[in-house]
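Under the working numbering, think of the first position of the sequence shown as 161, with each following residue one higher.
Have a look at the structure below, then the notes.
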Amino acid sequence: MAAHPTSSWSGAASRYVTVLGRVLYRHIAELTWPAIGVIALVHYTTSWALMSLTEADDIAAPSVYWYFYIVTSTTVGYGDLSPATTFGRLVAVFWVMPGGIALFTSVIAKVVQSASGYWRRRMRGLGDYRDLMNHTLILGWAGDATRRMVSYMRGDSRDREIVLVADQAMENPMPDQVHFVRGQTMTHAEVLDRAGIVTAGRAIILGRDDNETLAAGLAVAARNPNLHIAAFFHDEVVADLLKSHCPRAECLLPMSIELLVRTADDPGSSRVPKTMLSTLVDPTLYSMPVPESCNDLRFGAVFRSMKERHHATVLGVAEDRTNESLALNPPDDRVVKGGHTIYYIAARRLDPASLDWASMQKESGG
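Right, dumping it as structure tokens:
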């Protein structure tokens, strides 16, 4: 037997009212912004309606009442407007003032709560940094090693934005230095996207072990194939595996054995790379791309110009930043072309636009 239409409509209406009641209860119980807005609108409207019953247009006029309402609710009390009738004063004392003060206090509390919640989310690594541009990603938290890494970056550029990505259950360990993104795994696409992987300028990977570093490197390259990656490995075999899949990745290995042998033959030589690579001690090693407009420069001309004009020493040149074409201390007639990369040591990073490429071209015979 078919259900009566009235019964069906009654059941649907009952369910709708129940759902609506639950939604309203949740908003009021949690004191959400929609709830505050509705309560404020109801209170303002009823207050204005009650005042309109007895007060003149100097208060009840729509163009004036909003000012009276805000001044009264915030207890500022300028004194330029006040109810003239007994009923109006009763409405102000028992309805406008208590309700307005309660609403004003609720708004202040909600603003503080929202700001605190926003800060706590960022501290817990739940923030979103997709709006950053050309920032540096650090994948992996290694305690003091990561702290030193950040200090070196700040020594090179204090304005650089840094986003730390980690999977440990912790809060931002360096809130005054880095942004923080945390996830169950550093390789998850959602975690990398929140860290701004698409718009990042470079990524440094320092995992707890080589397997974690390899996985992070592959994940980063998959999300942004053009991103420059610097990863630290202990095993050369694993490093070569990342290079085979990500040719743009630069894999670093421990150099303790090489330095040990070099220091044994040439005492004190271990200080040279340590000083050159530290941004906290001058001079420091930097790289610079040669402008594409430059053709057939001579290494000697570049060396002399940078030494005489900028007190910078050019160490070598490479055809590409990531391949094995690096030539250290090449002969003066070595050709340097646009797109090549020169490596130099100087007290500060030089802007390519500040170099006199025209004079280098002229000295090179171009």
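Glycine included, every Cβ here is placed at the ideal spot set by N, Cα and C.
Keep in mind that this is a model prediction, so the values were computed, not measured.
For residue i: DSSP bridge partner residues
i      : result
Val474 : Tyr504
Val202 : Val202 is not bridged to any residue.
Ile322 : Thr296
Arg362 : Thr296 and His388
Nearest-angstrom Cβ-Cβ length linking residue i and residue j, presumed shorter than 8 Å
i      : j      : result
Glu396 : Leu413 : 6 Å
Ile389 : Ala360 : About 10 Å; that fails the 8 Å criterion.
Val462 : Val496 : 6 Å
His339 : Val323 : 5 Å
Asp327 : Gly343 : 6 Å
Ile365 : Ser266 : With 8 Å as the limit, Ile365 and Ser266 do not qualify as a contact, their Cβ atoms being about 47 Å apart.
Val325 : Tyr289 : The Cβ separation is near 10 Å, so there is no contact.
Ala376 : Met415 : Contact flag wrong, Cβ pair sits at about 22 Å.
Arg458 : Asp493 : 6 Å
Trp208 : Lys270 : Rounded, the Cβ-Cβ distance is 23 Å, inconsistent with contact.
Thr280 : Gly287 : Sequence check: residue 280 is Arg here, not Thr. 10 Å between Cβ atoms; not a contact.
Tyr503 : Leu440 : The Cβ separation is near 19 Å, so there is no contact.
Three-state secondary structure (DSSP) of residue i
i      : result
Leu286 : strand
Ile357 : coil
Val341 : strand
Ala209 : helix
Leu515 : coil
Arg469 : helix
Val496 : strand
Leu529 : In this structure the chain extends from 161 to 526, so residue 529 is not present and cannot be described.
Arg458 : strand
Asp488 : The sequence as given places Leu at residue 488; Asp does not occur at that position. In the structure shown, Leu488 sits in a strand (DSSP, three-state: E or B).
Ser453 : coil
Asp304 : helix
Gly248 : helix
Ser276 : helix
Glu523 : helix
Ala349 : helix
Arg464 : helix
Met330 : coil
Asp316 : helix
Ser266 : helix
Ala220 : helix
Ser242 : coil
Thr232 : helix
Arg481 : coil
Thr214 : helix
Pro194 : helix
Pro335 : coil
Proximity to residue i [Cα-Cα], best of the options
i      : options                           : result
Val477 : Tyr278, Val462, Thr501 and Ile322 : Thr501
Asp511 : Met448, Lys467 and Lys270         : Met448
Ser453 : Glu484, Gly498, Tyr446 and Pro490 : Gly498
Met313 : Ile298, Thr246, Thr473 and Ala506 : Ile298
Thr296 : Pro427, Ala363 and Ser514         : Ala363
Val380 : Val441, Gly367, Leu352 and Val325 : Leu352
Gln521 : Val251, Ser465 and Glu321         : Ser465
Phe393 : Lys403, Gly197, Arg320 and Asp480 : Lys403
Thr435 : Ile261, Ala506, Arg280 and Trp193 : Ala506
Ile199 : Trp226, Ser242 and Gly259         : Gly259
Met257 : Arg368, Thr214, Trp301 and Tyr204 : Tyr204
Ala305 : Gly277, Met334 and Asn386         : Met334
Leu250 : Thr214, Lys270 and Gly277         : Thr214
Thr206 : Ala220, Pro194 and Ala195         : Ala220
Ala349 : Glu372, Glu331, Arg320 and Ala382 : Ala382
Glu484 : Val421, Cys411, Asp291 and Leu515 : Cys411
Gly285 : Met293, Arg320, Ala252 and Asn332 : Asn332
Ser438 : Asn294, Ser212 and Val310         : Val310
Ile527 : Tyr229, Lys467, Arg282 and Gly287 : With the chain covering 161 to 526 only, the question about residue 527 has no answer from this structure.
Leu475 : Asp319, Val272 and Leu488         : Leu488
Ser514 : Ser233, Met283, Pro451 and Leu445 : Pro451
Gly460 : Ser519, Gly287, Val441 and Asp425 : Ser519
Gly300 : Trp517, Ala329, Phe254 and Arg481 : Ala329
Proximity test, residue i beta-carbon vs the ligand HEM heavy atom, cut-off 7 Å
i      : result
Val496 : What this structure holds is no ligand at all, so the ligand HEM is not there to describe.
Counting only runs of 3+ residues fully inside the region 364-448, write out the beta strand (DSSP E) ranges in chain order.
The region 364-448 contains these whole beta strand (DSSP E) runs: 388-392 and 409-412.
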